[in-house]
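In the numbering used here, each residue carries its 1-based index in the sequence shown increased by 12.
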Amino acid sequence: MLTARVQTAADAWVQQVPGAEVVGVDLVSDELHVQVRTPDPDPPVSTLLDALEGQVPAGLDVVVVTEQGERIEVGTTR
Numbered sequence: 013m014l015t016a017r018v019q020t021a022a023d024a025w026v027q028q029v030p031g032a033e034v035v036g037v038d039l040v041s042d043e044l045h046v047q048v049r050t051p052d053p054d055p056p057v058s059t060l061l062d063a064l065e066g067q068v069p070a071g072l073d074v075v076v077v078t079e080q081g082e083r084i085e086v087g088t089t090r
């Protein structure tokens, strides 16, 4: 399933920051929402987009949502 592949890639992505975790992944229309709980700073979002390449269809917008409610527009899958 698509969200399971995103969850796996996102879990590996947040491991760059000790104590960080992915708390959820949702597909909302053509957007992938990755909810994270991290101490400051967040991992670089460009590496998340790289990790998703080949794992999900191209053309999906990726958004990271922090536990504070901040939306970080990561980019579009390729």
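Just so you know, even glycine gets a beta-carbon here, dropped at the ideal spot from N, CA and C.
The C-beta distance from V48 to V57 rounds to 10 Å, too long to fall under 8 Å, and the pair is not in contact. Going by beta carbons, G31 and P51 fall inside the 8 Å limit.
Taking C-beta atoms as the reference points, V37 and T15 count as a pair closer than 8 Å.
C-alpha of E85 to C-alpha of A21: approximately 17 Å in a straight line. Per DSSP, reduced to three states, the secondary structure at V68 is coil, with no helix or strand assignment. Counting only runs of at least 3 residues, the stretch 29–58 fully encloses the following beta strand (DSSP E) elements, listed from N- to C-terminal order: 33–40, 43–49.
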